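Visitor:
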Amino acid sequence: MAILVGLVLAVVGFVAGTGILGGIRTSMGLEYWSTDMSWSVGYPVALIGWLIGVGGWKYWAVEWFGGKAATPPKGVKRYFEWNMDHKVIGIQYGVTFVVLFLLSGLTAMLIRFELMNSGMQLFTEDQYNSAMSFHGIGMVAVAVAIMLGAFGNYIVPLQIGARDMAFPRVNALSYWLVPPVAIMLIIALLIGGWDTGWTAYPPLSVLTKSGQVLFNLAVITFGLVSILGGINFIATIIYERAPGMTWGRLPIFVWGAFAGSLIAFFFTQGFAAGLLMILLDRVVGTSFFHAAEGGSPILYEHVFWFYSHPAVYVMVLPAFGAVLEVLAHMSRKPLYAYRWVVGALLGIVAISGVVWAHHMFTSGMEDYLHAPFLVLTEMISIPTGIIFLSAIGTIWAGRLWMRTPMLFALAFIFNFTVGGLTGIYLADVPTDIHLHDTYFVVAHFHYTIMGGEIFALFAALYYWFPKMTGRQFNETLGKIHFWIMFIGFQLVFIPMFQVGVKGMNRRVADYPEAYEDFNRFISWSGFLLGISFIFFAANMVLSWVRGERAVANPWGASTLEWQVSSPPPEHNFEGQPVIQGGAYEYGVPNAPAHARMGTAAATENV
Amino acid sequence: MNRHLWIAGILWVVFTALALAGAALMNPFPTVGAEEAEFSDHAFRLMTYMGAPVFGFVMAALLYSVLRFRSGGPGEDGPPIRGVGAVPRVWLLTTTTLAVVVMIYPGLTGLAELRSDRTHDLEVDVTGFRWAWVVQYPEGFASQELVLPVDQRVKFNVTAPAGDVLHSFWVPAFRLKIDAVPGQITNLYITPNELGDGATDAAYRVQCAELCGLYHARMQMPVRVVTAEEYQAWVAEKAGK
Ligand SMILES: [Cu+2]
Ligand SMILES: [Cu+2]
Numbered sequence: 000m001a002i003l004v005g006l007v008l009a010v011v012g013f014v015a016g017t018g019i020l021g022g023i024r025t026s027m028g029l030e031y032w033s034t035d036m037s038w039s040v041g042y043p044v045a046l047i048g049w050l051i052g053v054g055g056w057k058y059w060a061v062e063w064f065g066g067k068a069a070t071p072p073k074g075v076k077r078y079f080e081w082n083m084d085h086k087v088i089g090i091q092y093g094v095t096f097v098v099l100f101l102l103s104g105l106t107a108m109l110i111r112f113e114l115m116n117s118g119m120q121l122f123t124e125d126q127y128n129s130a131m132s133f134h135g136i137g138m139v140a141v142a143v144a145i146m147l148g149a150f151g152n153y154i155v156p157l158q159i160g161a162r163d164m165a166f167p168r169v170n171a172l173s174y175w176l177v178p179p180v181a182i183m184l185i186i187a188l189l190i191g192g193w194d195t196g197w198t199a200y201p202p203l204s205v206l207t208k209s210g211q212v213l214f215n216l217a218v219i220t221f222g223l224v225s226i227l228g229g230i231n232f233i234a235t236i237i238y239e240r241a242p243g244m245t246w247g248r249l250p251i252f253v254w255g256a257f258a259g260s261l262i263a264f265f266f267t268q269g270f271a272a273g274l275l276m277i278l279l280d281r282v283v284g285t286s287f288f289h290a291a292e293g294g295s296p297i298l299y300e301h302v303f304w305f306y307s308h309p310a311v312y313v314m315v316l317p318a319f320g321a322v323l324e325v326l327a328h329m330s331r332k333p334l335y336a337y338r339w340v341v342g343a344l345l346g347i348v349a350i351s352g353v354v355w356a357h358h359m360f361t362s363g364m365e366d367y368l369h370a371p372f373l374v375l376t377e378m379i380s381i382p383t384g385i386i387f388l389s390a391i392g393t394i395w396a397g398r399l400w401m402r403t404p405m406l407f408a409l410a411f412i413f414n415f416t417v418g419g420l421t422g423i424y425l426a427d428v429p430t431d432i433h434l435h436d437t438y439f440v441v442a443h444f445h446y447t448i449m450g451g452e453i454f455a456l457f458a459a460l461y462y463w464f465p466k467m468t469g470r471q472f473n474e475t476l477g478k479i480h481f482w483i484m485f486i487g488f489q490l491v492f493i494p495m496f497q498v499g500v501k502g503m504n505r506r507v508a509d510y511p512e513a514y515e516d517f518n519r520f521i522s523w524s525g526f527l528l529g530i531s532f533i534f535f536a537a538n539m540v541l542s543w544v545r546g547e548r549a550v551a552n553p554w555g556a557s558t559l560e561w562q563v564s565s566p567p568p569e570h571n572f573e574g575q576p577v578i579q580g581g582a583y584e585y586g587v588p589n590a591p592a593h594a595r596m597g598t599a600a601a602t603e604n605v
Numbered sequence: 000m001n002r003h004l005w006i007a008g009i010l011w012v013v014f015t016a017l018a019l020a021g022a023a024l025m026n027p028f029p030t031v032g033a034e035e036a037e038f039s040d041h042a043f044r045l046m047t048y049m050g051a052p053v054f055g056f057v058m059a060a061l062l063y064s065v066l067r068f069r070s071g072g073p074g075e076d077g078p079p080i081r082g083v084g085a086v087p088r089v090w091l092l093t094t095t096t097l098a099v100v101v102m103i104y105p106g107l108t109g110l111a112e113l114r115s116d117r118t119h120d121l122e123v124d125v126t127g128f129r130w131a132w133v134v135q136y137p138e139g140f141a142s143q144e145l146v147l148p149v150d151q152r153v154k155f156n157v158t159a160p161a162g163d164v165l166h167s168f169w170v171p172a173f174r175l176k177i178d179a180v181p182g183q184i185t186n187l188y189i190t191p192n193e194l195g196d197g198a199t200d201a202a203y204r205v206q207c208a209e210l211c212g213l214y215h216a217r218m219q220m221p222v223r224v225v226t227a228e229e230y231q232a233w234v235a236e237k238a239g240k
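Chain order of the listed sequences is P and L. Following numbering that gives the first Met the number 0, the numbering of the first sequence begins with 0 at its first residue and continues without gaps. Following numbering that gives the first Met the number 0, the numbering of the second sequence begins with 0 at its first residue and continues without gaps.
#1: Compute the Euclidean distance between the alpha carbons of Ala69 (chain P) and Pro404 (chain P), then round it to the nearest angstrom.
#2: When you measure from the CB of Met220 (chain L) to every non-hydrogen atom of ligand 2, does any distance come out below 6 Å?
#3: Inspect the beta-carbon positions of Gly195 (chain L) and Pro221 (chain L) and report whether they are closer than 7 Å.
#4: Any chance the CB of Glu80 (chain P) is under 6 Å from a heavy atom of ligand 2?
#5: Note down the Cα distance separating Pro78 (chain L) from Gly392 (chain P), rounded to an integer number of angstroms.
#6: Quickly, what does DSSP pair Leu399 (chain P) with across the bridge? List them, please.
#7: Below 7 Å between beta carbons: does that hold for Leu279 (chain P) and Asn571 (chain P)?
#8: Can you pull the chain L neighbours of Glu515 (chain P), defined as C-beta to C-beta under 8 Å?
#9: Would the stretch 109-127 of chain P count as touching the stretch 210-223 of chain P if we require 3 or more Cβ pairs under 8 Å?
#10: Could you tell me whether the Cβ of Thr220 (chain P) comes closer than 7 Å to any Cβ of chain L?
#11: Return the CA-CA distance between Thr199 (chain L) and Ala238 (chain L), expressed in angstroms with no decimal places.
#12: Do you know whose CA, among P:Leu375, P:Phe287, P:Leu528, lies nearest Val302 (chain P)'s CA?
#13: Roughly how many angstroms lie between the CA atoms of Val428 (chain P) and Ile110 (chain P), to the nearest whole one?
#14: Does the separation of the CB atoms of Ser531 (chain P) and Met484 (chain P) fall below 7 Å?
#15: State the DSSP-derived secondary structure class of Ala549 (chain P), mapped to helix, strand or coil.
#16: When DSSP labels each residue in this structure, what does Glu573 (chain P) get in the three-state scheme?
#17: Closer than 6 Å to a non-hydrogen atom of ligand 2 - does that hold for the CB of Glu209 (chain L)?
#18: Counting only Cβ pairs nearer than 9 Å, list the residues of chain P close to Ile189 (chain L).
#19: Quick check: what's the CA-CA separation for Met218 (chain L) versus Leu210 (chain L)?
#20: Write down the C-beta distance between Tyr203 (chain L) and Gly32 (chain L) rounded to the nearest angstrom, noting that I regard them as a contact closer than 8 Å.
#21: Is the CB of Pro181 (chain L) under 7 Å away from at least one CB in chain P?
#22: Given a cut-off of 7 Å on the beta-carbon distance, is the pair Gly384 (chain P) and Gly418 (chain P) in contact?
#23: Is the CB of Thr185 (chain L) under 7 Å away from at least one CB in chain P?
#24: By DSSP, does Ala592 (chain P) sit in helix, in strand, or in coil?
#25: Rounded to the nearest angstrom, what separates Phe64 (chain P) and Val155 (chain P) at their Cα positions?
#26: If you measure beta-carbon to beta-carbon, which residues of the stretch 77-88 of chain L are closer than 8 Å to chain P?
#27: Using a Cβ-Cβ cutoff of 7 Å, what residues of the stretch 6-39 of chain L are near chain P? List them in chain order.
#28: Rounding to the nearest angstrom, what Cα-Cα distance links Glu239 (chain P) and Phe79 (chain P) in this structure?
#29: Grouping DSSP H, G and I as helix and E and B as strand, with all else coil, what is Gly656 (chain P)?
#30: Have a look at Val605 (chain P) and Leu97 (chain L) and give me their C-alpha separation to the nearest angstrom.
#31: Counting only beta-carbon separations shorter than 7 Å, does Arg117 (chain L) have a partner in chain P?
#32: The stretch 94-126 of chain L: which residues have C-beta closer than 7 Å to a C-beta of chain P, in chain order?
#33: Any idea what DSSP makes of Asn604 (chain P), helix, strand or coil?
#34: So, helix, strand or coil for Ile177 (chain L), using DSSP?
#35: Helix, strand or coil for Leu4 (chain L)? Go by DSSP, reduced to three states.
#36: Would you kindly check if the distance between the Cβ of Leu316 (chain P) and the Cβ of Ala390 (chain P) is under 7 Å?
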C-alpha cells in the first residue's frame, strides 16, 4: 500500500518536475521535452515524492512540522513500508538485493546464450551491450550493498549489544533510496538501454543514448545509499557498543563491517562526482570530458577508479569478516591471529586508496605513474595474506562441522586464493598490458567478487538464516545448492582465464570463430551454475514459509546474536548485555562466557 | 599434532610439484608474434611458477583440514590455538618477501625494459574511430590492414579524433595494448619477429579493447607480418595508386 502511494507520488513528482521545466523551456522557445534534461529534473522531484509516499512523511518528516509520527504496524506488513527497526531494514535489504542478484544473474544467462556461438543469436549488438551493462551494474550494486545492507544491519547491532543502529531514521532513508535505483535501471533498459557497462567511461557516456542519464541518476542515488549506510555503521560501532565490548573483543564480522564502511564513507563521493560531471557535460554543456573542447577523458578514469577500486574492498572486507566468523564458530576454535586480522583489515583500508591507477596501465596516463601503482598494488597482497593465515590457522586442528554455511566459507578460501593469485598478473605491468580488458580480467574479478564475496554471502546467509527468519533452512537443498554452484563456478571461470589469454576481449557481443569451443563450454557450465540458484530460491521460500522453527542457538555459537531468541525480540535484549570476554574463547580453559545478560540498570563503562 | 603437520607438509610438496608440472606443460598463449610477446609470456610463466607453492600451501592446508578435522556438531571444542608469537611474524615476513620479489622481478624490471628502447625503424599512425581502424604509413597512404615487415621495430602513434570516444589498440599476437584517446597521441613500440597472417590466425588482428559502443566487438583490422621484400612490394603497390 505504502509502496503504491510512493509510486503514485513519484509519478506526480515526475510530471510536476518535468512540467515546470517544460514550461520554462517552452517560454524560451525550446521544445517541451528533452530526454536528458527532463529526466535530470524530473527524477529528483519524483524521488522526493517516493520517499514521502513510502512513509518518510508519516513516520518522520511530519515531526518537523509539529505533527506526531505514526506507529509502524506489526507483522508482515511492516516490511513493505518505512520502518526504522534495524532487523526489518536488514531483511528489506536482503530480499531486495537477492531479487536483484537473481535478475542480474538471469541477464548473465542470456549473455551466455548469446555467446554460445560466434555470430549473433539472441540479441542485436545494441541489446547485447545493454544486457551486459545491466548485468554489470546490477551485480556491482548487489556486491557493494548486500553484505552490509542485509547482515550489517541485522547482525552488527545484535553482536555489539545495541538496541538499534545509531541513526535509525537515516537507516530507513538509505534503504528506501534503493528501489528507485533498481526501477531507474529497468526504465533505462526500456527506453533503449545504455552501452557503457557499469564504468560509464566518457566521452562515450557523454555522447551515447539517453539511457545513460538514467544510469547516472540511479548510481548517484546508490552512492548516497552507500555513504549514508557507511556513516551509520561507523557511528553505531563507535558509540553503541554494550558495556565491556572493547575493540579487542569485537566479533570479526563487526570489524569487517567497520573497515568496509570506512571505505564506503571516504571514497564513494569520487564515483558520484564523476557521474555528476558526465551529467553536467550532457545536460548543461560543460566540457569536463569533451576532448574537442579541452576536456580530459583520462581525468574521469582517475576519479572513477579512485572510488571503484576501494569499492572492491567495500564488498570484500565485510565478506572476510563473515567468513572468518563462520570458520571460527564452525571449527570451534578461537579466531586465529585476531589482532593481526584487525590490523590487516585497517591496513587494506589504508592501501586501498592509493592503488586505483592499476586499472589504467594501458590508458595512456603519464609513464612515471606506472611504477608506484605497481608497487602499491602488490603491497595489498601482504594484509590479504594475513586473512588467509587466519582462515587456515582457524580451521587447522579444529572440529569442523560441515554444514552448508561452513562449505561456503571453505569454498571462499579456495576461490579467493585463485582470485588473489591471478590478480598478481594484472598488477604486474608487463603481463597486464596483454591481459587488460580481456576475459582473463573477467575471470579474475568473478573469482574475487563472486567466488569470494558471493560465496561469503551465502555462508552468511545460511549461517544467519535461522536467526533472521526464526526458521531452519533445508540442509539437503543447501548442500545441493553448494555443490552445483561450486562446481559450476569453476567450470565457467577457469576456461575464461584461458580464452582471455588467447585473445578474447571482454564486453563483446561477438568474437572470432577461434574462440567458439571455449565459449560453448563456458555457456553450458554457466547454465549449470544458473541451475544451482533454483535450489537456493526453492530452499529460501520453502524454509521461510514452513521450515522447522529455529532454536535460539542452532550452531552453539558464542557471540551475542545467538544468546537471544530467533528471531530476536523487538528491542533485541530483555536486559542490558554485558561483555566479559573475547568472542571466540572455544576450548580456552576457564574462559568467561563472551556475554551475560545483566539487568537493565547495569552501568559499566564501555 | 606433529604428525598432522608432517602429512600436510608432504601434501604441500605434492601439490606444489603438481602445480609446477602443470605450469611447465601448459601453453595457454596465442601465437608468439613479437619480441614483446616472448617477454610477456616469460613473465606470465614466472608468476605461475611463483604462485605454485602458494597455491599448493593453501590447498594442502584446506584439503587436509577438511578431511581430517571433522566433527558432527558443536559438542566438542578444538584446541585453543590463538596465533600469537612466531607464526604470524614468519608468515608476514614470507609474504612480504614474496610480494617484494614479484614487484621487482618481473614487475619493475619488466616495466623498465618495456620503456627503455625508444629507437624504431618504422613509424606509423593509427587512428581508431567508431568503429574501425585506419593506419597511415610514412609513404603517405592509408590502409585498413596493418602490414608490417618482420624484425623491424615499429613505433605506433595511436589516437582517436577529438570528437570520438576511447578505443584501445591491441594485437593479441604482440601482447601489447594502448588506449586511443581522443585528441591525444599515445605510443607503443613493437618488434614483430614471426611471419603471420590475420586471415588464418585470430591472434593477428587489431582488436579494439576498450568499450566504445554499438559495434565495439566488430572494431577489428587484420594484421599481416611479411618479409622485408614483400613489405616493399606492398608499399610500392599501395603508394603507387
Ligand atoms: Cu582494482
Ligand atoms: Cu571498442
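Beta carbons: idealized from backbone N, C-alpha and C, even for Gly. Just so we're clear, the structure is a prediction, and the values are computed from it rather than from any experiment.
Guide: The answer reads as follows:
#1: When rounded, the distance between both Cα atoms is 39 Å.
#2: Taking the Cβ of Met220 (chain L) as the reference point, every heavy atom of ligand 2 lies at 6 Å or farther away.
#3: Annotated as distal: Gly195 (chain L) and Pro221 (chain L), with beta-carbon spacing of 7 Å or more.
#4: The answer is no for Glu80 (chain P).
#5: So the alpha carbons of these two residues sit roughly 11 Å apart.
#6: Leu399 (chain P) pairs with L:Arg69.
#7: In this structure, the beta-carbon distance from Leu279 (chain P) to Asn571 (chain P) does not fall below 7 Å.
#8: Per Cβ cutoff of 8 Å: no residues; Glu515 (chain P) is ~10 Å from chain L at best.
#9: Contact between the stretch 109-127 of chain P and the stretch 210-223 of chain P is absent: fewer than 3 CB-CB pairs across the two stretches fall below 8 Å.
#10: So, not an interface residue.
#11: Approximately 26 Å, taken between the alpha carbons.
#12: Among P:Leu375, P:Phe287, P:Leu528, the Cα nearest to that of Val302 (chain P) belongs to P:Phe287.
#13: Cα-Cα distance, rounded: 30 Å.
#14: Against a cut-off of 7 Å, the Cβ pair of Met484 (chain P) and Ser531 (chain P) comes out as a contact.
#15: Of the three classes helix, strand and coil, the one that applies to Ala549 (chain P) here is coil, per DSSP.
#16: Three-state DSSP puts Glu573 (chain P) in coil, outside helix and strand.
#17: Yes, the Cβ of Glu209 (chain L) comes within 6 Å of a heavy atom of ligand 2.
#18: Per Cβ cutoff of 9 Å: no residues; Ile189 (chain L) is ~11 Å from chain P at best.
#19: Between Met218 (chain L) and Leu210 (chain L), the C-alpha separation is close to 10 Å.
#20: About 7 Å; that satisfies the 8 Å criterion.
#21: At a cut-off of 7 Å between beta carbons, Pro181 (chain L) contacts chain P.
#22: No, the Cβ-Cβ distance between Gly384 (chain P) and Gly418 (chain P) is not below 7 Å.
#23: At a cut-off of 7 Å between beta carbons, Thr185 (chain L) contacts chain P.
#24: In this structure, Ala592 (chain P) counts as coil in the three-state DSSP scheme.
#25: Cα to Cα, the separation comes out at about 33 Å.
#26: Within the stretch 77-88 of chain L, the residues whose Cβ lies closer than 8 Å to some Cβ of chain P are Gly77, Pro78, Pro79, Ile80, Arg81, Gly82, Val83, Val86, Pro87, listed in chain order.
#27: Listed in sequence order: Pro27, Phe28, Pro29, Phe38, Ser39.
#28: Across the structure, Glu239 (chain P) and Phe79 (chain P) are spaced so that their CA atoms are roughly 27 Å apart.
#29: Residue 656 (chain P) lies beyond the range of chain P shown here (0 to 605); nothing can be said about it.
#30: Since pLDDT at Val605 (chain P) reaches only 40, below the 50 mark, its modelled position is unreliable, and no value is offered.
#31: Output row for Arg117 (chain L): interface = no.
#32: From the stretch 94-126 of chain L, only Thr94, Thr95, Ala98, Val101, Met102, Pro105, Gly106, Leu107, Gly109, Leu110, Leu113, Arg114 have a Cβ closer than 7 Å to chain P.
#33: Confidence is the limiting factor: at Asn604 (chain P) the pLDDT is only 43, short of 50, which leaves the residue's position unreliable and the question unanswerable from this model.
#34: Strand.
#35: In this structure, DSSP gives Leu4 (chain L) a helical state, which the three-state scheme calls helix.
#36: No, the pair does not count as a contact, with Cβ atoms beyond the cut-off.
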